[in-house]
Every structure is written in C-alpha cells, then in structure tokens.
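Q:
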Amino acid sequence: MSPDGASSPLASTRTGLPAINWLAPWFDAVAERGRGALAGADWREALSAQAAAAGQVSGRGRALRFVAPADLPADTAYEAYIAATGGVPTRANLHDFFNALIWLTYPRGKAALNARQADAIAADGVQATRGAARDAATLFDENAVLFVCSDPTLGEALRAFDWHTLCVARRADWGRACEVQPFGHALLEKLVAPYPSVTSHAWIMDAPHAYFGWTPLARRAWLDARIAPTLASGPLTTRAFAPLPVLGIPGWWPANDDPAYYLDSSVFRPGRRRTGGGRDGGRWAATVLRRA
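Heads up, the sequence shown is in the UniProt record's numbering, so the first residue is 1 and it goes up one at a time.
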C-alpha cells in the first residue's frame, strides 16, 4: 500500500486493475475485502473463497463463486446463469471487481436481485426492453446508494432537492440521523476517479434512532435484511429514487465544507415540477439507465 491508501503500482500492475484509494469514504464497506483480495495472485479466487466461507448463494440457492467470463455459455443470459449455477462471470476489470465486492457486502440483496432478474428472463425471455420493474432493479444494482435516516424530514429534503437544508443547515445530523451506504457497483467504479457530477440513485430508508449507535457491520447486515424482500418481489419503480451527487455528501469531499459548493446548479439541480405536484426524476433516471 502507498502512503495515500491507494494500491501500490506493483499491485495495480499485477492485478490488471487501476490503483484504488481505499481510504476514500465511499469504499468503507468494501475496503477490507478488496485489499485482501488484491493481495493475492488471483482476486477472483480470493473473493470466491470469501463467499464460500460465508455460505453465500445465488438467487436460486447455488453456492456462489466468481468465475471467468468464458464460463458463460453463449446462449445463456447472465442473470439466469448466476441463478442456476452460482457462478458469477467476472471480467478482470473494475466494474466486475466491485460487483463481486457488493455480492460479499450485501449477499441477501444481491441474491434477491438475481432471483428477480432470472425469474423475469424465465417468464419473458431476453427482450430489447426490460420493463419498468427490471429497469428499476438494474438502476438499483448499478448505481444505488441507501440513504438511511431516523428523521423523516431529512429524506423529505432529499426528495425536494433542498440541498441547503440537507447538506448545510442540517450538516451536523449526518452520521447521527442520516448516512449513505453505497450499493451500486458501477457507482463505485466511477468513484475510483471521482468528479463533481457523479450522481447516485438514492433509495431512502427509515431506520430507528438506535441504528446510528450500531457498528458498521451491524448496520449493513440490517440494511441487507431490509432491502432483500423489496428487491425480490416488492414494488420497484425508477421514480422511487432521488438523485444525490455523491461528492456533496458531508464529510466525503473537502470542497463541500464550503456552503457555496452546493450553489453549482449544474450538479445540485433544483429538480423539475411535474403536473400533479412533486418532483420529476423520471427523465434523469432514464438517462442514467441508458448508460448502465
């Protein structure tokens, strides 16, 4: 490891992955597993061993492991293969590396998503368009963060695009009444080289006040258990997400210590009103989905 917390140039070359600053706050949940996997000769094997030790399974209960992409038959859909065999085709790139780490961090949530996608493929086949629920599942898988709050007014501020209230006036409440836990692996991939406009799909979750006194591991286990039923069969829609620019999260980026940081309307948008009241995030979600 280099002094700034990134993987050393030697480790980066050996694994074929760019250097990663594991000290960045958005990597807190996956840093220990990620560093450990990259320390060995084959990070897929290392992560498979972690999955086996934890007894992790696919959406249809098959023992989970991370396999070479060539293992996926040409005539088999990716999610269907994972569900049926437990093998997650994993390329030697950041996107699939972080996908594997999220499988290890949120095993119930990822298995639930896998089961939902595999069931949809079994029922409808692989289609050019996925449908509303599968679109929302894909957004969750690729780009979601869990915005956890014990004070509902903080979730309301996020939905209302009220950046001043959320990130300036209520700044002291971050870490004791609200927090963000990343879930989307494509989001983590982007944050290897962060830039101000990186925007997540925030899934707002109510939590008891006691939540903020639990250990990070206990918090994530509780969140995993809470999201799994919804991801398996609950209502999912792209309009349920709220846009949250990740570098605006208090404590995650030095520049946002200055309240003026949140005045950049190209990043912290005011949102659009839609007929019937409320905010219209549908167009924003559709734009991100095309890139997923």
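Every residue, glycine too, gets a C-beta built ideally from N, C-alpha and C.
Here the structure is a predicted model, which is why all the values come from computation and not from measurement.
For G276, which residues of its own chain have a beta-carbon under 8 Å away from its beta-carbon, when the five flanking residues on both sides are left out?
A: Low per-residue confidence applies at G276: pLDDT is 36, beneath 50, and the placement is therefore not dependable, though the value from the model is reported in the following sentence. No residues qualify anywhere along the chain.
Q: Identify the residues that DSSP records as bridge partners of residue 309: which are they?
A: For residue 309 there is no data in the structure shown, the boundaries of the chain being 1 and 292.
Q: I'd like to confirm the pairing. Which residues does DSSP put opposite C167 in its beta bridges?
A: In DSSP, C167 forms no bridge with anything.
Q: So if DSSP puts L146 in a beta bridge, which residue, or which two residues, is it bridged to?
A: In the DSSP output, where bridge partners are listed per residue, L146 has Q181 and W203.
Q: Going by C-alpha distance, which of R269, A115 and E79 is nearest G248?
A: Of the listed residues, the one whose Cα sits closest to G248 is R269.
Q: Have a look at I82, W103, A63 and P229 and flag the residue whose alpha-carbon is nearest the alpha-carbon of E142.
A: Among I82, W103, A63 and P229, the Cα nearest to that of E142 is on W103.
Q: What separation, rounded to the nearest whole angstrom, lies between the Cα atoms of N256 and C167?
A: The straight-line gap from Cα to Cα measures roughly 9 Å.
Q: Considering only residues of the region 72 to 121, which uninterrupted beta strand (DSSP E) runs meet the minimum length of 3 residues and lie entirely inside it, listed in chain order?
A: Correct list: 87 to 89.
Q: What does the alpha-carbon distance come out to for the pair L38 and A52?
A: Cα-Cα distance, rounded: 18 Å.
Q: By the 10 Å Cβ neighbour count, where 16 or more other Cβ atoms means buried, how is G175 classified, buried or exposed?
A: With fewer than 16 Cβ atoms within 10 Å of its Cβ, G175 is classed as exposed.
Q: Okay, do the region 70 to 79 and the region 107 to 127 touch, 3+ Cβ pairs below 8 Å being the bar?
A: These segments touch.
Q: Which value, in whole angstroms, describes the spacing of the CA atoms of A46 and V67?
A: For A46 and V67, the distance between alpha carbons rounds to 11 Å.
Q: If you measure between the beta carbons of F140 and V180, is that distance less than 9 Å?
A: No, these two residues do not count as a Cβ contact at 9 Å.
Q: Looking at the structure shown, is D62 part of a helix, part of a strand, or coil, going by DSSP?
A: The sequence shown places Arg at residue 62, not Asp. Coil, per DSSP.
Q: With contact counted as at least three CB pairs below 8 Å, one residue from each stretch, are the region 154 to 174 and the region 224 to 232 in contact?
A: No, the region 154 to 174 is not in contact with the region 224 to 232.
Q: Tell me the rounded alpha-carbon separation between S265 and Y195.
A: Rounded to the nearest angstrom, the two C-alpha atoms are 15 Å apart.
Q: Given that a residue counts as buried once 16 or more other Cβ atoms are within 10 Å of its Cβ, and exposed if not, what is G281?
A: Low confidence applies to G281: its pLDDT is 47, below 50, so where it sits in the model is not reliable enough to give any reading.
Q: Suppose the cutoff is 7 Å on Cβ atoms and the five residues either side in sequence are ignored; what does the same chain contact list for L94 look like?
A: The residues are L17, P18, E189 and V192.
Q: Determine the DSSP secondary structure at W253, reduced to helix, strand or coil.
A: Coil.
Q: Report the CB separation of R91 from P69 in whole angstroms; it is logged as a contact under 8 Å.
A: R91 to P69, Cβ: 5 Å. Contact.
Q: Give the DSSP-derived three-state secondary structure of W43 in the structure shown.
A: Helix, per DSSP.
Q: Near K110, what residues of its chain come up, given a Cβ to Cβ distance below 7 Å and the 5 sequence neighbours on each side ignored?
A: So the list reads I102 and W103, once near-sequence residues are dropped.
Q: Run through DSSP, which three-state label would W214 get?
A: W214: coil per DSSP, three-state reduction.
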